[in-house]
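Chemist: Supplied in structure tokens, the structure appears directly below.
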Amino acid sequence: MKRILQGNAAIARGAWEAGVVVGCAYPGTPSSEILAELSKYPEVYTEWSPNEKVAMEVGHGASVAGGRSIVCMKHVGLNVAADPFMTISYTGVKGGFVVVVADDPGQHSSQNEQDSRHWTRFGKVPMLEPADSQECSDFTRIAFDISERFDTPVLVRSETRVSHCDSPTVLGERREAKIPKGLDQKDAPKQVMVPMYARVRRVLVEERIGKLASYADEEFPYNSMEINDPSIGFISSGITSLYVREVFPQYSFLKLGMVWPLPRKLISGFCKKVGKVIVVEELDPFLETEIRAMGCMVHHGKDLVPAIGELTPTIVEQALTTAVNGKDYVPPRILVQTDDLPKRPPNLCAGCSHRPLFYALKKLGLFVFGDIGCYGLAAAPPLSAMHFSTCMGAGVGGAYGAGKVLKEEGLGKICAVLGDSTFLHGGIGPLMDAVYNGGYSTTIILDNRITAMTGQQEHPGTGYSIHGDPASTVDYEQIARAIGVKHVRTVDPYNIQETMDVIREEVNRNEASVIITKNSPCMLLRRARPRERFEYPSYTINGDTCMGCRLCLEVNCPAISWAPSIGKTKAGRKRKGTVHINRDQCVGCGICMQICEYEGIVPRAERGE
Amino acid sequence: MSNNGRTHNVFLSGVGGQGTILASNILGQALLNAGYDVKKAEVHGMAQRGGDVTTHFRFGAKVFSPLIKQGEVDYLISFELLEALRYINWVKPEGKIVLNNYSILPPSVSLGKMEYPKDVEQIFREHFKENVWVVEGNRIAKKLGNIQVANIVMIGALSNFFSELNPQQWIGAIQELLPAKLHEINVKAFQAGRSAVKV
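So the sequences go chain by chain: E and L. Heads up, the first sequence is in our numbering, so the first residue is 1268 and it goes up one at a time. Heads up, the second sequence is in our numbering, so the first residue is 3 and it goes up one at a time.
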């Protein structure tokens, strides 16, 4: 039976069919749906881990005990998990162990654009790269076999246009793995990576990569060669191979399903069969460099194909038309200069508790060390209230480090802000550092009770497991106190004045402090009934008093817009227009009402509407 | 739509929260059931927070790339007028356009810094003549009692262009993908959309 599956759902399906028993992940676009889908299969234990490093370690432990396990993350997640990953390459596996890493070329939803293929050479582990959902399923299944046969973790690399593309996929049956479950103390030399044992494993790792290279050439079933017009041969892998097929269908193709180790004989054979060799790959010249190093002539690669951003069929055609058929590229006709149209960037939801908090920070004029989450949207104008953001948890250490340079000068001017899930992921370590080493930074935890940006995943602070079953709940106040933070406060972010007062007091204090938002659940988290805490269902403009001062527009609420019209208030003061509150979008958070200095915003009910 | 095995390109655009993904899922299921290969691509994540969203949808005997080449769109179906105009250059000269007559103001317009484009329908008519259809998707959905089904109204309108598929095949796909309690309203929305357009 065939079904249309998203690439991520197909990876989950392939893992299930392979008899996987444990799946772990920390959510991250574009990888998040893999675990969410896998959690629907009752035979598999799944969990949202606090971060990718933990996920990797839990998955490894499951493998050592003889279970097939899979861990999934976005590209930057593998940076977090790199420490165990690089050494699991040495220990090898017992149950098949597959690490899925999903890249985000074009940075649709990421802080950088790193090419995860480098991990495969660096970590000396094999990597498979599917192009569509069928391959996502097939490659994940075979990855478990490769893992057990060669005693190695296996990387499966996806990316936005594979993970988030849907295509028909054959649904197969589940087959339980045959590895016996259990632990054996005699395996210590294989599992204890102290120098005397690790040096032995180091040699085996090199031998393994040699064996895998032979496997890539002689047995791996998903490297495919298609010789049509032999004047030009394209070498590519993953999604890029589909773009090339689409744009230049008449030529010859070598599609690599396994991008490391490379099938050297197959590649050199292909290069001999075709005239011009063109390597087409997204991001870095990974294949191109390797193929050139093999001594093969590569006629074109990154000299023509962009190395920055994602490729598309349009870009491939534009980059290569002249080199392929000598013709000039004819760009699509331009009917309207669409670059001049108003942009539509994503925005914080109406009623979001981040909005008043960042408005308060802006009013206080603080330099905000931000972090990864929806609140990154507060960096954009008109809020413009975030001034630093690199990776999960980094703002906490950043704010503390800046304080070490600025000393007294920086007091009252700095704070770190991060979400609940981000704090648990990577914020506890730097907070410990700040308090242990005498920093004065204030860390504000925006507790919206969920991992919001990636689509509502549970975490150890929500009180629920991946299946929605009740689970233990982290107490942020107690964590902060246990670490040694003496000043731990809570605020209601919807009360702007109170929030500003508390933050002002804490950032001026010459000691580390923590502020936690309370009663501030994500607007999309239905079970928390986020709208129930608001006094009125919605607000409206009082046309008699609105001065048209635009102050309320500064919070960038999607429900508020500017309506120009020259006129006067009831009291006769001139104005250039008023604002308008969209009834369908307003949720009644009342932030605009608090900001208004002219009593121009009132509860809708009181207007008798 | 013709039966010559060529790959057909449908481009859906709208604003996060308008239901483009469900709409394209129904399109996909209906065409898969009718024996076509299908591929579709969309971006999740940040884009869901009220940003612009697009779906590339392709079907035919055998589809390779999930992404459409710019200038190769056969059908542009847009849930919001500005988001239609943003992709006008993607449509083939003989392409067909189905517009939902509905506007959602982007921040720069809300803030009074830019103007929302005027006469979007006219701009399309200028270039695509009679191949432009305007549907009151949100108004029809509101009349049916649920603004959320505007996306299915639009799918109903689009279904008129796919002569190989009968209404029952579309309704079957809707029933396959949605929970039973939502069947009635969504089938009504589909039918209302289907009769809102005369091809």
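Ideal Cβ positions, reconstructed from N, Cα and C, are used throughout, including at glycine.
With distances taken from CA atoms, which of E/GLU1426, E/GLY1390 and E/PRO1727 is nearest E/ALA1738?
Modeler: E/PRO1727
Chemist: Taking C-beta pairs closer than 8 Å, name the residues in chain E that L/SER110 reaches, listed in chain order.
Modeler: Within 8 Å Cβ-Cβ: PRO1609 and LYS1610.
Chemist: Where do the N-terminal and C-terminal ends of the beta strand (DSSP E) with E/PRO1397 fall, by residue?
Modeler: Looking at the DSSP string, E/PRO1397 is not in any beta strand (DSSP E), and its letter there is neither H nor E.
Chemist: So that I know if they touch, is there some Cβ in chain L lying closer than 7 Å to that of E/ILE1263?
Modeler: Residue 1263 of chain E lies beyond the residue range present for chain E, which begins at 1268 and ends at 1876; the question has no answer from this structure.
Chemist: Can you find the residues in the same chain that come closer than 6 Å, C-beta to C-beta, to E/ALA1329, ignoring five residues on each side of it along the sequence?
Modeler: VAL1289 and SER1336
Chemist: Using a Cβ-Cβ distance under 7 Å, would L/ASP54 count as near chain E?
Modeler: At least one CB atom of chain E sits nearer than 7 Å to the CB of L/ASP54.
Chemist: State buried or exposed for E/HIS1734, treating a residue as buried only when at least 16 other CB atoms are found within 10 Å of its CB.
Modeler: Residue environment: E/HIS1734 is assigned as exposed (fewer than 16 neighbouring CB atoms within 10 Å of its CB, all protein chains considered).
Chemist: Could you tell me which chain A residues have their CB closer than 9 Å to the CB of E/ASP1768, listed as they occur along the chain?
Modeler: Among the protein chains in the structure shown, which are E and L, there is no chain A.
Chemist: Can you tell me whether E/CYS1538 is helix, strand or coil according to DSSP?
Modeler: Note: E/CYS1538 maps to helix in three-state DSSP.
Chemist: Are the CB atoms of L/ILE28 and L/ILE176 within a distance shorter than 7 Å?
Modeler: A Cβ-Cβ contact shorter than 7 Å links L/ILE176 with L/ILE28.
Chemist: With distances taken Cα to Cα, identify the nearest neighbour of E/HIS1342 among E/HIS1385, E/SER1356 and E/PRO1351.
Modeler: Ranked by how close their Cα comes to the Cα of E/HIS1342, the residues E/HIS1385, E/SER1356 and E/PRO1351 have E/HIS1385 in first place.
Chemist: When the Cα atoms are used, what is the spatial distance from E/GLY1618 to E/PRO1294?
Modeler: 24 Å
Chemist: What does the alpha-carbon distance come out to for the pair E/LEU1479 and E/SER1504?
Modeler: 18 Å
Chemist: Ends of the alpha helix (DSSP H) at E/GLY1505?
Modeler: 1505–1514
Chemist: Among E/GLU1866, E/ARG1842, E/PRO1870 and E/VAL1565, which one has its Cα closest to the Cα of E/ARG1850?
Modeler: Cα-wise, what sits closest to E/ARG1850 is E/PRO1870.
Chemist: What number of angstroms, rounded off, separates the C-alpha of L/VAL122 from the C-alpha of E/LYS1532?
Modeler: Taking the straight line joining both Cα atoms gives about 57 Å.
Chemist: Between which residues of its own chain and E/SER1298 is the CB-CB distance below 8 Å, once the five residues before and five after are set aside?
Modeler: ASN1275, ALA1292, CYS1339, MET1340, LYS1341, GLY1344, VAL1367, VAL1368, ALA1369, SER1425 and SER1430
Chemist: Please check the pair E/CYS1682 and E/LEU1615, which I expect to be a contact at CB under 8 Å, by giving their CB distance rounded to whole angstroms.
Modeler: So it is not a contact: roughly 19 Å between Cβ atoms.
Chemist: For a contact meaning CB atoms closer than 7 Å, what does E/TRP1829 contact in chain L?
Modeler: Within chain L, the residues near E/TRP1829 are SER112, LEU113 and GLY114.
Chemist: Classify L/LEU167 as helix, strand or coil using the three-state DSSP reduction.
Modeler: coil
Chemist: Give me the subset of the region 1636–1652 of chain E whose CB atoms are less than 8 Å from a CB atom of chain L, sorted by chain position.
Modeler: CYS1641, LEU1644 and PRO1649
Chemist: Listing by chain order, which chain E residues have their CB less than 9 Å from the CB of L/ASP39?
Modeler: SER1434 and PRO1435
Chemist: How do the region 1598–1614 of chain E and the region 93–109 of chain L stand: do at least 3 beta-carbon pairs fall below 8 Å, yes or no?
Modeler: yes
Chemist: Do you know whose CA, among L/TYR38, L/LEU146 and L/LYS115, lies nearest L/PHE192's CA?
Modeler: The candidate whose alpha carbon is nearest that of L/PHE192 is L/LEU146.
Chemist: Going by the beta-carbon positions, is the gap between E/VAL1758 and E/THR1784 smaller than 7 Å?
Modeler: yes
Chemist: With 16 other CB atoms within 10 Å as the buried threshold, where does E/LEU1509 fall?
Modeler: buried
Chemist: Give the single residue among E/VAL1360, E/LEU1571, E/ALA1627 and E/LYS1629 whose Cα lies nearest to the Cα of E/GLY1449.
Modeler: E/VAL1360
Chemist: Taking the continuous beta strand (DSSP E) assigned at L/PHE59, which residues delimit it?
Modeler: 54–62
Chemist: Using 6 Å as the cut-off, classify the Cβ of E/GLY1668 as near or not near the heavy atoms of the ligand ATP, replying yes or no.
Modeler: Annotation note on the ligand ATP: not contained in the displayed structure, which lists no ligands.
Chemist: What's the call for E/GLY1576, buried or exposed, on a 16-neighbour Cβ count within 10 Å?
Modeler: exposed
Chemist: Where do the N-terminal and C-terminal ends of the beta strand (DSSP E) with E/VAL1467 fall, by residue?
Modeler: For E/VAL1467, there is no enclosing beta strand (DSSP E); the residue is part of the alpha helix (DSSP H) that begins and ends at 1462–1485.
Chemist: So who's on the other strand from E/ALA1683, going by DSSP bridges?
Modeler: E/PHE1636 and E/THR1710
Chemist: So with CB distances below 9 Å, who are the chain L contacts of E/CYS1616?
Modeler: ARG51 and GLY52
Chemist: From E/PHE1515, E/LYS1629 and E/CYS1538, pick the residue whose C-alpha is nearest to that of E/LEU1587; which is it?
Modeler: If you compare the alpha carbons of E/PHE1515, E/LYS1629 and E/CYS1538 with that of E/LEU1587, the shortest gap goes to E/PHE1515.
Chemist: Excluding the 5 residues flanking E/ALA1348 on each side, which residues of the same chain have their C-beta closer than 6 Å to its C-beta?
Modeler: Contacts found: GLU1319, LYS1320 and MET1323.
Chemist: Taking all protein chains shown into account, decide if E/GLU1876 is buried (16 or more other Cβ within 10 angstroms of its Cβ) or exposed.
Modeler: Unreliable placement is indicated for E/GLU1876, whose pLDDT of 48 sits below 50; no coordinate value is reported for it.
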